[in-house]
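In our numbering, the protein residues as written are 202 to 333.
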């Protein structure tokens with residue numbers, strides 16, 4: 202596994218910050234807009250790495266034959282959380298963002314695809330009045 206250097210994204214992060222400031226968002230409010238997305242990307246990255254390690258450990262072909270219920274149990278044993286889109290549909294935020302026609306629906310389903318504990322961590326269900 203190759204670790205990526207987060208500094209490679211520095212220019213994109215600052216360009217996004219400039220875009221937000223140009224849209225009338227105060228610099229002091231910027232973290233409240235961006236931090237949830239950083240947390241989401243970090244969680245997804247951890248899940249993708251864990252799933253890649255699981256593929257190496259078990260074998261991708263064997264993993265593909267496991268039922269969704271057994272897959273959930275196997276991944277829960279790793280203690281990293283779960284997301285239907287990542288593990289069962291093999292899609293990430295990047296994939297969802299590439300389809301602007303169904304982004305809203307796909308993004309909502311992506312967020313709903315997380316396990317309850319991860320939704321709580323992200324604060325997603327509290328904002329929507331849902332319970333895990």
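Each residue gets a CB set at the ideal place from its N, CA and C atoms; glycine is no exception.
- Our two residues, residue 283 and residue 211, have alpha carbons roughly 29 angstroms apart in a direct line.
- A residue is called buried once 16 or more other Cβ atoms fall within 10 Å of its Cβ, and residue 214, having fewer, is exposed.
- Collapsing the DSSP output to three states places residue 277 in a helix.
- With contacts defined as CB atoms closer than 9 angstroms, residue 294 and residue 240 fail to qualify as a contacting pair.
- Your pair residue 269 and residue 289 checks out as a contact, with CB atoms roughly 6 angstroms apart and the cut at 8 angstroms.
- Residue 287 is positioned such that its CB atom lies no closer than 9 angstroms to that of residue 317.
- Looking at the DSSP output, residue 300 sits in no beta bridge, so it has no partner there.
- Between residue 324 and residue 232, the CB-CB gap reaches or exceeds 9 angstroms.
- Counting only runs of 3+ residues, no beta strand (DSSP E) is found wholly inside the segment 240-289.
- An exposed status is given to residue 304, since fewer than 16 other beta-carbon atoms sit within 10 Å of its beta-carbon.
- The residues 281, 282, 284, 287, in chain order, have a CB closer than 7 angstroms to that of residue 248 in the same chain once the five nearest residues on each side in sequence are set aside.
- Buried is the label assigned to residue 292, since at least 16 other Cβ atoms lie within 10 Å of its Cβ.
- Nearest neighbour of residue 275 by Cα position, chosen from 251, 297, 308, 307, turns out to be 251.
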